[in-house]
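Number of protein chains: 2
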Amino acid sequence: MRLQRIDHVGYAVTDLEEAVRHHQRLFGATVSHREELQRDGVREALLAVGDSYLQLLEPTRDDSPVARFLARNGPGVHHVGYGVADVAASLDDLRSLGVRLVDEVPRHGSRGCMVAFLHPKNAMGVLVELVEDPSLVADLSEPLHEA
Amino acid sequence: MRLQRIDHVGYAVTDLEEAVRHHQRLFGATVSHREELQRDGVREALLAVGDSYLQLLEPTRDDSPVARFLARNGPGVHHVGYGVADVAASLDDLRSLGVRLVDEVPRHGSRGCMVAFLHPKNAMGVLVELVEDPSLVADLSEPLHEA
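From first to last, the protein sequence lines are chains A and B.
The first sequence lines up with residues 1 to 147 when you count with this note's numbering.
The second sequence lines up with residues 148 to 294 when you count with this note's numbering.
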């Protein structure tokens with residue numbers, strides 16, 4: 001497997017609208033996508049930065065992972081999302097290496113992507129999300145399944 | 148000013164070579180640049196991820212910012228570097244908005260870039276680095292100084 005790109009950096013924030021206004025005021029950033037992910041207990045705003053996104057995440061319930069992160073650490077970088085060609089094949093590769101996974105199978109993320117989280121204990125303390133963006137896969141000149 | 152791209156995500160690590168091997172083993176990542184930054188008290192390895200970098204940072208002295216981060220938080224995301232066309236002009240823009248800066252003037256970073264850090268208190272708890280990459284500026288079709 002191969003990390004193709006930094007898909008997004010996910011910030012945990014306490015107030016989504018304040019965080020959006022802050023990034024608009026300082027950096028002229030604009031919201032390119034909004035979504036609420038019930039399973040993850042978050043509401044997100046994606047700010048386009050080049051071909052990547054700055055993802056702002058506000059918890060929608062107290063027991064969501066982002067709420068627990070905020071309670072423990074305060075606002076900050078919650079996770080990093082890396083683009084891969086095929087999340088399912090990547091999970092197979094990682095499993096064969098003995099890597100600890102949060103998601104054993106790909107699931108639906110925002111923007112219609114398939115995603116899976118790896119366990120931070122296996123990634124230098126960083127919570128890593130693998131992201132397969134169907135709008136990009138169609139453009140890839142490389143084979144989807146690498147040997 | 149405008150954030151053009153995610154230039155890099157900087158991980159604080161306790162053992163640079165172990166972190167490099169880990170990313171090679173899991174993700175097939177290879178080192179595209181190494182540098183020691185005496186002023187910052189760090190040794191870095193840059194792993195290319197698409198047009199961005201995963202930056203691994205190991206402290207070279209106990210009083211460096213990355214060493215203090217590791218003592219306080221353990222390994223994890225230390226900062227996010229965003230590409231801008233002109234760091235000096237960006238600092239002027241941010242100063243006029245009352246934004247708190249770590250670096251009042253641009254300074255030399257790795258890869259021959261000019262860089263400046265903003266204060267995390269002003270960026271949702273995230274330490275943000277602005278990066279002007281001279282190898283990219285030459286390619287830009289957009290004006291370097293925006294109105």
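Beta carbons are placed, not taken as given, at the ideal position from N, Cα and C, and that holds for glycine.
What are the partner residues of Leu37/A, as DSSP defines its beta bridges?
-> Val42/A
Grab me the residues of Arg61/A's own chain with a C-beta within less than 7 Å of its C-beta, minus the 5 sequence neighbours each way, in chain order.
-> Excluding residues within five positions, the ones whose Cβ falls inside 7 Å are Gly41, Ala67.
Starting from the C-beta of Ser32/A, find all residues in its chain whose C-beta is less than 6 Å away, skip the five residues before and the five after it, and write them out in chain order.
-> Taking Ser32/A as the centre and dropping the five residues before and after it, the same chain places the C-beta of Leu46, Ala48 closer than 6 Å to its C-beta, in chain order.
Are the C-beta of Pro106/A and some C-beta of chain B separated by less than 8 Å?
-> no
Indicate the three-state DSSP secondary structure (helix, strand or coil) for Glu18/A in the structure shown.
-> helix
Opposing strand residues paired with Leu101/A [DSSP bridges] = Leu118/A
DSSP three-state assignment for Gly74/A, whether helix, strand or coil = coil
Pairing CB atoms from the segment 15-29 of chain A with CB atoms from the segment 215-226 of chain B, are three or more of them under 8 Å?
-> no
Give the secondary structure of Asp7/A by DSSP, where H, G and I count as helix, E and B as strand, and everything else as coil.
-> strand
Given that a residue counts as buried once 16 or more other Cβ atoms are within 10 Å of its Cβ, and exposed if not, what is Pro281/B?
-> exposed
Nearest to His119/A by alpha carbon, out of Leu101/A, Thr30/A, Tyr53/A, Gln38/A?
-> Leu101/A
Leu54/A and His8/A closer than 8 Å at C-beta | yes
So, does the CB of Ser199/B fall closer than 8 Å to a CB anywhere in chain A?
-> yes
Taking C-beta pairs closer than 7 Å, name the residues in chain A that His266/B reaches, listed in chain order.
-> Simply none; closest approach about 12 Å.
Rounded to the nearest angstrom, how far is the Cβ of Ala123/A from that of Asp103/A, given a contact under 8 Å?
-> No, Ala123/A and Asp103/A are not in contact; Cβ-Cβ is about 14 Å, not under 8 Å.
Could you check how far apart the C-beta atoms of Glu129/A and Gly81/A are, in whole angstroms? I think they sit under 8 Å.
-> 4 Å
Chain B within 8 Å of Pro143/A, Cβ atoms only | At Pro143/A, the pLDDT of 49 sits below 50, so the modelled position is not reliable and the matter cannot be decided from this model.
Could you name the residues of the segment 161-177 of chain B whose beta carbon sits closer than 8 Å to any beta carbon of chain A, in the order they occur along the chain?
-> Ala166, His169, Arg172, Leu173, Phe174, Gly175, Ala176
Would you list the one or two residues that DSSP bridges to His79/A?
-> Gly10/A
Shortest alpha-carbon distance to Val231/B belongs to which of Ala176/B, Pro253/B, Glu205/B?
-> Pro253/B
Would you list the one or two residues that DSSP bridges to Pro59/A?
-> Val42/A
Who are the Cβ neighbours of Gly109/A in its own chain at under 8 Å, not counting the five residues just before and after it?
-> Leu37, Val115, Glu129, Val131
Would a C-beta distance cut-off of 8 Å place Pro222/B and Gly125/A closer than the cut-off?
-> Yes, they are a contact pair.
Can you have a look at Ala159/B and say buried or exposed, based on whether 16 or more other CB atoms are within 10 angstroms of its CB?
-> Result: buried.
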